[in-house]
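Numbering (this note's numbering), first residue to last: 17 to 178. Just below is one structure, and these are the notes that go with it.
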């Protein structure tokens, strides 16, 4: 369900907040072009809901390719949107923690969808945290085992004395 179908200002504010989060993320940090493309697509969907965005419009407004742009001969829009889809997937898999909205660009088109999202920490970060702190768990287990062994040996030694 595309939540932008609801014209409430609060919904639009959530979408724009998510847009800012995605654009400042590690997934898009290195690509100004993808950030500009995502901002353009989201703004178009907010300002002209339901109106399709063409490759020619994207080429002109994002990539400054106006004179005789041919989407068949010049794949810049298709390839950048494809990379943007992958970056969004990476963002939602690894970075998005508090986002209430998920921005998706379905295959076969350029208009984003905005889906409600339950805020939860990404599984990969928890797994990375566990891997990073596994050595602490091992050290703590070894200390407990050594203390228990020491106690057992001292109790066993005391019991044998006359």
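Even for Gly, the Cβ is constructed at its ideal location relative to N, Cα and C.
Limits of the beta strand (DSSP E) - the one that residue i falls within
| i | result |
| --- | --- |
| residue 119 | 117 to 120 |
| residue 131 | 129 to 132 |
Spatial neighbours of residue i in its chain, beta-carbon cut-off 6 Å, leaving aside the 5 residues before and after
| i | result |
| --- | --- |
| residue 35 | 58 |
| residue 72 | 85 |
Residue i to residue j span [Cα, whole Å]
| i | j | result |
| --- | --- | --- |
| residue 82 | residue 69 | 15 Å |
| residue 27 | residue 67 | 19 Å |
| residue 40 | residue 157 | 40 Å |
| residue 125 | residue 98 | 10 Å |
| residue 161 | residue 118 | 47 Å |
| residue 128 | residue 95 | 16 Å |
| residue 171 | residue 164 | 11 Å |
| residue 169 | residue 155 | 21 Å |
| residue 91 | residue 80 | 14 Å |
| residue 48 | residue 74 | 15 Å |
Where residue i falls, given that 16 or more other Cβ within 10 Å makes a residue buried
| i | result |
| --- | --- |
| residue 121 | buried |
| residue 132 | exposed |
| residue 115 | buried |
| residue 60 | buried |
| residue 159 | exposed |
Continuous alpha helix (DSSP H) stretch holding residue i: start and end
| i | result |
| --- | --- |
| residue 36 | 25 to 39 |
| residue 58 | 48 to 63 |
Cβ shell of residue i (< 8 Å), same chain only, five flanking positions each side left out
| i | result |
| --- | --- |
| residue 51 | 39 and 44 |
| residue 123 | 101 |
DSSP state of residue i mapped onto helix, strand, coil
| i | result |
| --- | --- |
| residue 96 | helix |
| residue 108 | helix |
Any non-hydrogen atom of the ligand PLP within 7 Å of residue i CB
| i | result |
| --- | --- |
| residue 46 | Looking at this structure, you won't find the ligand PLP or any other ligand, since it has none at all. |
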